[in-house]
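>
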Amino acid sequence: MATKIRTNTNPRAVIRHSKKIRIRKKIKLQQGKIARLVVYRSNKFLYAQLVDDAKGMTVVQANTSEKAFEGAKSQKNLEAAKNLGKLIGERALNAKVERVLFDRNGFE
-11 MATKIRTNTN PRAVIRHSKK IRIRKKIKLQ QGKIARLVVY RSNKFLYAQL
39 VDDAKGMTVV QANTSEKAFE GAKSQKNLEA AKNLGKLIGE RALNAKVERV
89 LFDRNGFE
């Protein structure tokens, strides 16, 4: 994964990007055997998706901007994250995915 970071990029973004590459290298050892659970956190929402690297496609995805989360007080707090985990877990079982590798995508 040779991507280039501009020199005028925010230092936090550079650190996060280097963490992301380091995590991806560790996950690559299991590539093709187990699906990868990728989590992304934006300013408003949380996103989760299961990626099958052997096929190069997303198996299932869920995010807190869906209708299931409309009545929630916040769509980015701990309670929303728990509900998102339950939702992605149910969808994964329906897609017959039992084991996943957690890819935190550079986030702590």
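In terms of my numbering, the sequence shown opens at residue -11 and continues consecutively.
In this text, a Cβ means the ideal position worked out from N, Cα and C, and glycines have one as well.
Going by CA-CA distance only, name the one from A1, T(-3), R0 and L72 that's closest to Q37.
If we check each option's Cα against that of Q37, L72 comes out closest.
> By how many angstroms is the C-alpha of S6 removed from the C-alpha of R0?
The straight-line gap from Cα to Cα measures roughly 10 Å.
> Quick one: give me the first and last residue of the beta strand (DSSP E) that A60 is part of.
Unbroken run through A60: none, as it is neither H nor E.
> Since F90 is in the beta strand (DSSP E), which residue starts that stretch and which ends it?
Note, F90: beta strand (DSSP E), V88 to D91.
> Confirm, please, whether the CB-CB distance from V88 to R24 is below 8 Å.
Yes.
> Taking V48 and I22 to be in contact with their CB atoms under 8 Å, please state how far apart those CB atoms are, rounded to whole angstroms.
Between I22 and V48 the Cβ distance is about 14 Å, and since that is not below 8 Å, they are no contact.
> Determine the extent of the beta strand (DSSP E) in which V47 is found, giving its start and end residues.
Residues M45 to N51.
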